[in-house]
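Trainee: Have a look at this one before I ask anything.
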Amino acid sequence: MIIAVSDLHLGDPASNRNGFVSFLEEFLRSKRNEITDLVLLGDILDLWRRNSAIVIFENLDIVNKICSLGCHVHYIVGNHDFRMREYSQGMDDTDLLEGLTCTSENMTVAEVRVLESGGKKYRFIHGHQMDYWYALPFYEAFSRAMCDVTAEIEEISSVWKVLQRQARYHSSLISEKIREISDNRRDMIDRKLAGPLVGHIGTVEESRIEEYKLLGELIDIKGVPSTSLKSLAEEIHALSFEFEKFPMISGLQDLGKITHENQFEELASGFLNVWVDVFQWMNSNKETKNQDLITLVRKLQRVAAMFSSDLQQDEFLIHGHGHDGHVDYVNRMADSGCWIQDKATFITIDDGKVTCNLWP
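Just so we're aligned, residue 907 is where the sequence shown starts under my numbering, counting upward by one.
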C-alpha cells in the first residue's frame, strides 16, 4: 500500500501538527507492515520567511518517526520547502541535517516520483508545477529564495536581494529577467506569491489571472522530451472537443488544428492562450461554475503537468498544493489535501485503487 500526504506546513501556526502526530502514531504505525511507500508530497515543512534550521530542528521528532516506520519514504519537494531539493543534489547543509536519522536508504528527496501499484503507474508531484507551468523556472527560484528570507536579519529580509545573491541557481535568462523587473512590479509579485497561508481572499480563477499578468514578463516554458511531443499534441488537440460545451471560449476550437507535426513552441503557445482564456472567462462568470467546468480545469492541469513534470498519458497524477482533498477517476488525478487548521486528509493507493481519506 502507498500512502501520500501533503501540505502539513510544519513551522506555520496554522499547521495541524497534533492531528498529524496522532495520524502517525495511530494509523501509520499500525499499518507499517502493509505500507510499502510513504510519499511526503511537499510543503511538509514551511520554510518561507522562517529560519530553516529552527523549523527543521523543532520538527525533527516527526521526521525521524516517519523514517522509523520501516517503509521507504519519498520526500517530494514543494514550493514552501523547496530548499529540501538541495539535499537530493549532494549539497547537504550539515548544520540543518544534524539530528536527522533519515538516510538515503530509507528516505529519498526528489521533485517527481513514479511508483506502481496494481499494474498501474502513479506520478507524484507537489502541484505548484501546474499553476506556474509557464513561468516555472522563475517561480521555483522565488520559492528557493523564500526559504532563505527571514525578517530577523534586515539584509536578507527582501526576497529580491536573496534572489540576486542566489544567481548561481538560476539560468542566465532568469537572472536577466529578474534584474529588469521594476520595483513596483516586484512589490506586487511579492504580495501575491508570498501571501498568507490562510485568510487570503479571492477565488482560484482570480489568482490564476492576476499571477499570469504579474509573471507575463517571466514566461519560460520547460521543454519536454521529444518522445513526449506526440502525446502532448494529442492531449492538447483533445481539449478542442470541449468547445461544444464552452463555445464562449473560442480558443478551445483553435486547438483542433493542433497535430503531432506542431513544434513545441506552437503547442506551448496555443495551450497558454487557452489556459488564460478559460480562467478569464471563469473570473467573469463566477456564478456559472459547474462540474463540466471543473472537469475542463482538471484537463488543463493534466496538460500543464505534461509540460512541467513530464506526466505521461498512461499515468495517474497524485498531487498536493491545492489543499482540496479529492479523487477524480475520470481525469486520473487526485489531490491529497492538507493538514491546515482542522483539515486532515491523505491518499491511499492499494492494489491500484486510489482513495482520499479523512483523519480521524
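All residues carry an ideal CB built from backbone N, CA and C; glycine is no exception.
For the beta strand (DSSP E) holding Arg1019, just list the boundary residues, first then last.
Mentor: 1019-1023
Trainee: Between Arg1204, Val1236, Phe1177, Phe1030, which lies nearest to Asp1216 when the distance is taken from Cα to Cα?
Mentor: Phe1030
Trainee: From Trp954 to Lys1205, what does the alpha carbon distance come to, in whole angstroms?
Mentor: Approximately 30 Å between the Cα atoms of the pair.
Trainee: Excluding five sequence neighbours on each side, which residues of the same chain lie with their C-beta closer than 8 Å to the C-beta of Glu1112?
Mentor: Asn1189
Trainee: On the premise that His1032 lies in contact with Leu1103, defined as a C-beta separation below 8 Å, what is that separation, rounded to the nearest angstrom?
Mentor: Between His1032 and Leu1103 the Cβ distance is about 15 Å, and since that is not below 8 Å, they are no contact.
Trainee: To the nearest angstrom, how far is it from the Cα of Val961 to the Cα of Ser921?
Mentor: 12 Å
Trainee: Can you give, in chain order, each stretch of the beta strand (DSSP E) that sits fully within the stretch 1105-1164 and has at least 3 residues?
Mentor: none
Trainee: Please work out which residues of its chain come closer than 7 Å, Cβ to Cβ, to Ala1240, disregarding the five sequence neighbours upstream and downstream, and give them in chain order.
Mentor: Ile1224, His1232, Val1233, Asp1234, Ile1253, Val1260, Cys1262
Trainee: Rounded to whole angstroms, how far is the Cβ of Asp1340 from the Cβ of Leu1042, which I believe are closer than 8 Å?
Mentor: The chain is shown from 907 up to 1266; residue 1340 falls before or after that span and cannot be answered.
Trainee: Whole-angstrom Cβ separation of Arg1071 and Arg989, contact assumed at under 8 Å?
Mentor: With a Cβ gap of about 14 Å, Arg1071 and Arg989 do not count as contacting.
Trainee: Just tell me which of Val969, Lys1119, His978, Glu931 has its CA closest to the CA of Glu1011.
Mentor: His978
Trainee: Below 6 Å CB to CB, which residues in the same chain sit around Asn1179 once its five sequence neighbours on both sides are set aside?
Mentor: Gly1157
Trainee: So, at 8 Å on beta carbons, what are the nonlocal neighbours of Ala1174 in its own chain, with the 5 sequence-adjacent residues on each side left out?
Mentor: Tyr1040, Ile1127, Phe1213
Trainee: Does DSSP put Glu1221 in a helix, in a strand, or in coil?
Mentor: strand
Trainee: Measuring only the C-alpha atoms, how far is Leu975 from Asp1248?
Mentor: 25 Å
Trainee: Would you mind working out which of Gln1197, Ser1064, Asp1160, Arg1091 sits nearest Phe1147, comparing C-alpha positions?
Mentor: Asp1160
Trainee: Considering Cα atoms alone, identify which of Gln1169, Gly1101, Glu992 is closest to Glu1117.
Mentor: The candidate whose alpha carbon is nearest that of Glu1117 is Gly1101.
Trainee: Should Arg1267 go down as buried or exposed, given a rule of 16 or more other Cβ atoms within 10 Å for buried?
Mentor: Absent from the model: residue 1267. The displayed extent of the chain is 907 to 1266, so no value can be given.
Trainee: Based on the DSSP secondary-structure assignment, which residues constitute the bridge partners of Val1068?
Mentor: In DSSP, Val1068 forms no bridge with anything.
Trainee: To the nearest angstrom, how far is the alpha carbon of Asp1256 from that of Thr1165?
Mentor: 37 Å
Trainee: Would Ser1081 and Ala1073 be called neighbours here (beta carbons separated by less than 8 Å)?
Mentor: yes
Trainee: Between which two residues does the alpha helix (DSSP H) harbouring Cys973 extend?
Mentor: 966-973
Trainee: Just how far apart, CA to CA, sit Ile1246 and Lys1067?
Mentor: Between Ile1246 and Lys1067, the C-alpha separation is close to 30 Å.
Trainee: Excluding the 5 residues flanking Leu944 on each side, which residues of the same chain have their C-beta closer than 6 Å to its C-beta?
Mentor: Ile909, Cys977, Val979
Trainee: What does the alpha-carbon distance come out to for the pair Leu1264 and Gly1176?
Mentor: 39 Å
Trainee: Would the beta-carbon of Met1013 fall within 8 Å of that of Tyr981?
Mentor: yes
Trainee: What did DSSP end up calling His1232 once you bin it into helix, strand or coil?
Mentor: strand
Trainee: For Val1209, does the count of other Cβ atoms within 10 angstroms reach 16, so buried, or fall short, so exposed?
Mentor: The residue in question, Val1209, is buried, as its Cβ has 16 or more Cβ neighbours within 10 Å.
Trainee: Please list the terminal residues of the continuous beta strand (DSSP E) segment that includes Met1239.
Mentor: 1239-1241
Trainee: Report, in whole angstroms, the separation of the C-beta atoms of Leu1138 and Val1130, which I expect to be a contact under 8 Å.
Mentor: 6 Å
Trainee: So, under 8 Å CB-CB, Ser912 and Gly1226 are touching, yes? Tell me the CB distance rounded to an integer number of Å.
Mentor: 3 Å
Trainee: For Ser1134, I'd like the list of residues in its chain whose CB is within less than 8 Å of its CB, leaving aside the five on either flank, ordered along the chain.
Mentor: Met1212, Asp1216, Gln1218, listed in sequence order.
Trainee: Taking its Cβ as the centre, do 16 or more other Cβ atoms sit within 10 Å of Gln1035, making it buried, or is it exposed?
Mentor: Counting every other CB atom within 10 Å of its CB across the protein chains shown gives Gln1035 a total of 16 or more, marking it as buried.
Trainee: Here's the rule I'm using: 16 or more other beta-carbon atoms within 10 Å means buried, otherwise exposed. How should Leu1079 be labelled?
Mentor: With fewer than 16 other beta carbons inside 10 angstroms of its own, Leu1079 counts as exposed.
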